[in-house]
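For the sequence shown, our numbering assigns the number 41 to the initial residue and increments by one for each residue that follows.
Positions of the beta carbon are idealized from the N, C-alpha and C atoms, including for glycine.
Take a look at the structure set out below.
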Amino acid sequence: MTATRRSLLLLCAATAALLNTGAATLLPPFPAAAEKSPEAQDPLPVPDGLTLTAVFSNASDRAYWDLPLAGHIPENATSIEIALSCPDPAPVRSLSLHLRSGRGWHGSPLPLPTRPRQTVFLPLALFQPEENPAEIHKAVSLRVSAWRRKAGAATITLHSVKTRADRAAVIRATDLSAPGEATLAATLAARCARLLAKAGIPHAILDDSLDNLDLFELVLLPYSPALSQKSVKRLARFAGRGGRLIVFYNSSQPLGAALGVSPGPWQGA
Numbered sequence: 041m042t043a044t045r046r047s048l049l050l051l052c053a054a055t056a057a058l059l060n061t062g063a064a065t066l067l068p069p070f071p072a073a074a075e076k077s078p079e080a081q082d083p084l085p086v087p088d089g090l091t092l093t094a095v096f097s098n099a100s101d102r103a104y105w106d107l108p109l110a111g112h113i114p115e116n117a118t119s120i121e122i123a124l125s126c127p128d129p130a131p132v133r134s135l136s137l138h139l140r141s142g143r144g145w146h147g148s149p150l151p152l153p154t155r156p157r158q159t160v161f162l163p164l165a166l167f168q169p170e171e172n173p174a175e176i177h178k179a180v181s182l183r184v185s186a187w188r189r190k191a192g193a194a195t196i197t198l199h200s201v202k203t204r205a206d207r208a209a210v211i212r213a214t215d216l217s218a219p220g221e222a223t224l225a226a227t228l229a230a231r232c233a234r235l236l237a238k239a240g241i242p243h244a245i246l247d248d249s250l251d252n253l254d255l256f257e258l259v260l261l262p263y264s265p266a267l268s269q270k271s272v273k274r275l276a277r278f279a280g281r282g283g284r285l286i287v288f289y290n291s292s293q294p295l296g297a298a299l300g301v302s303p304g305p306w307q308g309a
């Protein structure tokens, strides 16, 4: 790991200690039963959660369980926090999580846990709509899916599912602040999000309208090289009230002045 990356993660981690806000619990309590696929055994309550066991044959590709939520996703929620275990994941290729809302779903990959009671964070902005769903905050149930690697049985223990109102945010630029480079900007934002997730730092994903920064304490801009005057003013106001900014690939003199730094010319490695 480079010194620069290490310094960034240390700064984010130190800030993240101050960023944890009250969470809304979606599970537990756990339902007594759930809709499920034929490969999925009935959920079994245990003292520290709910076990979900999949028995894969060579003909089956997925096992899933649909669990009604015990709570609602608040309007200010920015991510889902899930604690889960899978002591013998060999038969499982991957996991996914879907939230049922209206007549459709919002879906996201779910990392396969590598240690007991592992906690993962899924930014709501990364969930992809399927089958024309209602808003994600109107979700009433979730689907945990296990995808087959090979025949055999695997047990997932779902310990808890909560929502978070995060105070750290990664800005995913569009053509608004990265004209003609939205794909590159999305790639760099995703890389930044992966590094934060790997370091165990929960975060939200925001677009580059920058119109809702009041809820946040730390904002990272991985790639927004063409910030508008309005955006610079919003970032300056954010910094002026004590917010922390980490900005890459931007040499804006007005933004630098607002932050008390003097951006120099671009220098290649």
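By DSSP's criteria, residue i is part of a beta bridge. Which residues make up the other side?
i    : result
K76  : W105
K311 : Coverage of the chain is limited to positions 41 through 309, which leaves residue 311 absent and any answer about it impossible.
H138 : G147 and R183
G192 : F96
G89  : V86
Q168 : G147
P11  : No information on residue 11 is available, as it lies outside the stretch 41 to 309 that the chain covers here.
I211 : L246
T197 : T91 and S125
Q81  : DSSP, once it has assigned bridges, lists no residue as partnering Q81.
Q307 : In the DSSP output, where bridge partners are listed per residue, Q307 has none listed.
Do the CB positions of residue i and residue j come within less than 8 Å of each other?
i    : j    : result
P265 : N290 : yes
A233 : P153 : no
P108 : S185 : no
S77  : A103 : yes
A80  : L67  : no
R183 : A117 : no
V272 : A193 : no
A123 : T65  : no
I241 : L166 : no
A110 : P151 : no
S125 : P156 : yes
E170 : G144 : yes
R212 : D247 : yes
R274 : L250 : yes
L139 : A179 : yes
F288 : V259 : no
Using the rule of at least 16 other Cβ atoms within 10 Å of the residue's Cβ for burial, across every protein chain shown, is residue i buried or exposed?
i    : result
V210 : buried
P173 : buried
D206 : buried
T197 : buried
S292 : buried
V301 : exposed
W105 : buried
S119 : buried
G304 : exposed
E221 : buried
G280 : exposed
K202 : buried
How about residue i: is its C-beta nearer than 8 Å to some C-beta of chain D?
i    : result
P153 : Note that chain D does not occur in the displayed structure, where there is just one protein chain.
Practice task
Could you name each continuous beta strand (DSSP E) segment of 3 residues or more that falls completely within the region 247-302, going from the start of the chain to the end?
Solution key: 258-261 and 284-287
Problem - At least 3 beta-carbon pairs within less than 8 Å: the region 129-145 vs the region 67-86 - result: no
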